[in-house]
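Counted from 1, the sequence shown has number 310 at position 100 by my numbering; the numbering is strictly sequential.
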Amino acid sequence: MNSKQPFNFLTRIISSAVLCCLALLGGAGLTVASEYELSSEAPSSASRNLQPIGTISLVLGRAFIESEGNNRERIRMGMMVRQADRIVTESNGHVHIRFIDEALVSVRPNSELEILAYVFNTEDPDKSSIKFNLLEGTARAVSGNAAKAARQRFRLNTPIAAIG
Numbered sequence: 211m212n213s214k215q216p217f218n219f220l221t222r223i224i225s226s227a228v229l230c231c232l233a234l235l236g237g238a239g240l241t242v243a244s245e246y247e248l249s250s251e252a253p254s255s256a257s258r259n260l261q262p263i264g265t266i267s268l269v270l271g272r273a274f275i276e277s278e279g280n281n282r283e284r285i286r287m288g289m290m291v292r293q294a295d296r297i298v299t300e301s302n303g304h305v306h307i308r309f310i311d312e313a314l315v316s317v318r319p320n321s322e323l324e325i326l327a328y329v330f331n332t333e334d335p336d337k338s339s340i341k342f343n344l345l346e347g348t349a350r351a352v353s354g355n356a357a358k359a360a361r362q363r364f365r366l367n368t369p370i371a372a373i374g
């Protein structure tokens with residue numbers, strides 16, 4: 211292995227993550243902290259809305275959804291996604307999710323994405339809030355109506371940076 215290969219690989223991963231996040235916010239920018247930061251605590255089980263917030267629109271290879279209660283299930287086309295779900299892809303896995311506000315998220319191979327909060331207020335979109343945690347790997351996204359209307363209430367945490 212060439213000594214420059216690990217650096218180039220890491221650079222590509224970081225660049226992809228940053229570009230993805232900027233695309234998600236429509237170019238709003240990269241920040242390490244925000245005065246509008248959402249609470250770091252996930253909602254309690256009692257208050258968590260278990261209504262579907264999205265649908266799996268594409269699945270390739272091996273990918274799993276881990277739901278509340280530690281249920282792990284192989285992802286299938288058309289499967290519903292809810293708050294607190296975790297999407298996990300293996301080396302050949304690739305998943306697309308279409309959210310209720312028309313946002314699109316692609317979870318790439320060897321990745322793990324937590325959906326900590328996804329609240330789209332159809333009557334007052336400015337009160338919407340979204341919080342993701344990319345634990346590992348790469349995700350690409352296109353903003354939906356919630357992130358466009360309430361940019362200050364969007365957050366994507368990654369191991370190296372935070373967006374929003």
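Note that the Cβ used here is the ideal one computed from N, Cα and C, for glycine as well.
(1) Is there contact between the region 303–312 and the region 347–360, where contact requires at least three CB pairs shorter than 8 Å?
(2) Leaving aside the five residues before and after A360 along the sequence, list all residues of the same chain whose C-beta is less than 6 Å from its C-beta, in chain order.
(3) Are L260 and R292 touching if we call contact CB-CB under 8 Å?
(4) In this structure, does DSSP put A294 in helix, strand or coil?
(5) Can you give me the start and stop residues for the beta strand (DSSP E) that N367 sits inside?
(6) By DSSP, does A371 sit in helix, in strand, or in coil?
(7) When we look at the beta-carbon of S321 and count the other beta-carbons within 10 Å, is it buried (16 or more) or exposed?
(8) Can you tell me whether I370 is buried or exposed, with buried defined as 16 or more other CB within 10 angstroms of its CB?
(9) Buried or exposed, going by whether 16 or more other CB atoms sit within 10 Å of the CB of T299?
(10) Tell me, which residues are paired with R284 by DSSP?
(11) If you draw a straight line from the C-alpha of L229 to the C-alpha of R350, how long is it?
(12) If you compare alpha carbons, which of L314, F330, G374, N302 is closest to R272?
(13) Pull up the DSSP beta-bridge partners for K337, would you.
(14) If you follow the beta strand (DSSP E) that A327 is part of, which residue opens it and which one closes it?
The structure says:
(1) The region 303–312 vs the region 347–360: in contact.
(2) If we look at A360 and ignore the five residues flanking it on each side, its Cβ neighbours are D336, S338.
(3) Going by C-beta atoms, L260 is nearer than 8 Å to R292.
(4) Correct three-state label for A294: coil.
(5) Run containing N367: 364–367, per the beta strand (DSSP E) assignment.
(6) A371 falls in the coil class under three-state DSSP.
(7) Under a 10 Å Cβ-count criterion, S321 is classified as buried, with 16 or more other Cβ atoms of the shown protein chains found around its own Cβ.
(8) I370 is classed as exposed because its beta carbon has fewer than 16 other beta carbons within 10 Å across all chains shown.
(9) Residue environment: T299 is assigned as buried (16 or more neighbouring CB atoms within 10 Å of its CB, all protein chains considered).
(10) For R284, which the question treats as bridged, DSSP gives the partners F274.
(11) Only weak support is given to the placement of L229: the predicted model assigns it a pLDDT of 46, under 50, and the value that follows is read from those uncertain coordinates. Put simply, the backbone Cα of L229 is about 8 Å away from that of R350.
(12) That would be N302, whose Cα lies nearest to the Cα of R272.
(13) Beta-bridge pairing by DSSP links K337 to no other residue.
(14) For A327, the enclosing beta strand (DSSP E) covers residues 322–329.
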